[in-house]
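To keep things clear, I will list the structure first and then write my remarks on it.
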Amino acid sequence: MTTPADLDQTIAKYASVAFDDSTPLLEAGLESLSLLRLAVELANDDDAEIDATRLVDLRTVGDLKQWLHELSAVGAETGGGAR
Numbered sequence: 001m002t003t004p005a006d007l008d009q010t011i012a013k014y015a016s017v018a019f020d021d022s023t024p025l026l027e028a029g030l031e032s033l034s035l036l037r038l039a040v041e042l043a044n045d046d047d048a049e050i051d052a053t054r055l056v057d058l059r060t061v062g063d064l065k066q067w068l069h070e071l072s073a074v075g076a077e078t079g080g081g082a083r
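Numbering (the UniProt record's numbering), first residue to last: 1 to 83.
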């Protein structure tokens, strides 16, 4: 399971500025390609299906964290290994 600190650290690799949960994704420099890369990096299952249509609903870093947490939890439940 990915911890909140792990999420912040991983997101920071892709963000171009400091952020908090209320920061809009575009203000943080997080565009769709960055979001997909984050999802792939945090998916705990090499065969995990990433629902890219959910990206359009993400507005803030907090939204992104929730989605990534759900994604990593699903991978952990299905027995996926960390990448």
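C-beta atoms are modelled at their ideal positions from N, C-alpha and C, and glycine is treated no differently.
Asked                                                                                                          : Found
Val56 burial status per 10 Å Cβ neighbour count (16 or more: buried)                                           : exposed
Own chain residues within Cβ distance below 7 Å of Ser32, not counting five before or after                    : Leu55
Closest residue to Ala5 among Thr60, Leu58, Asp21 (Cα-Cα distance)                                             : Asp21
Contact check, Leu36 vs Leu64, beta carbons under 8 Å                                                          : no
In chain order, each beta strand (DSSP E) run of at least 3 residues that lies wholly inside the stretch 22-62 : none
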